[in-house]
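Novice: Numbering (this note's numbering), first residue to last: 1 to 76. For every residue, glycine included, the Cβ atom is placed at its ideal position computed from N, Cα and C.
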Amino acid sequence: MCQNFIKKECWRLFCNPLHVDCIGESQRLLMNSELPVSCISDQLGFNDSSHFCRTFKKYIGLTPSVYRRHFRGIHP
Numbered sequence: 001m002c003q004n005f006i007k008k009e010c011w012r013l014f015c016n017p018l019h020v021d022c023i024g025e026s027q028r029l030l031m032n033s034e035l036p037v038s039c040i041s042d043q044l045g046f047n048d049s050s051h052f053c054r055t056f057k058k059y060i061g062l063t064p065s066v067y068r069r070h071f072r073g074i075h076p
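Laid out in structure tokens, this is it:
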């Protein structure tokens with residue numbers, strides 16, 4: 001019972017449309033602007049940049065800074 005609830009809750013959090021929208025917008029900003037990660041975090045409504053970085057890494061697998069460096073390395 002408890003395990004099933006945890007799975008459903010994790011799936012709900014993973015598929016949260018707000019997070020998906022925020023992550024998509026953050027990817028766009030990281031690729032197409034020079035804004036610091038802290039400013040992007042503020043623009044997207046996160047309380048602090050560390051929470052934003054954890055959320056971004058949870059969905060993308062990289063921190064925002066590493067994502068930006070990697071993307072720019074591929075598409076200068």
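DSSP on residue 24, reduced to helix/strand/coil?
Specialist: Annotated three-state conformation of residue 24 is helix, per DSSP.
Novice: Secondary structure at residue 32, three-state DSSP: helix, strand or coil?
Specialist: helix
Novice: Give the list of continuous beta strand (DSSP E) stretches no shorter than 3 residues that lie fully inside the segment 33-69.
Specialist: none
Novice: If you compare alpha carbons, which of 24, 31 and 43 is closest to residue 72?
Specialist: 31
Novice: Taking 7 Å as the limit between beta carbons, can you name the residues of its chain near residue 54, skipping five residues before and five after?
Specialist: If you ignore the 5 residues before and after residue 54, its C-beta comes within less than 7 Å of no other C-beta in its own chain.
Novice: Are the beta-carbon atoms of residue 62 and residue 70 separated by less than 8 Å?
Specialist: yes
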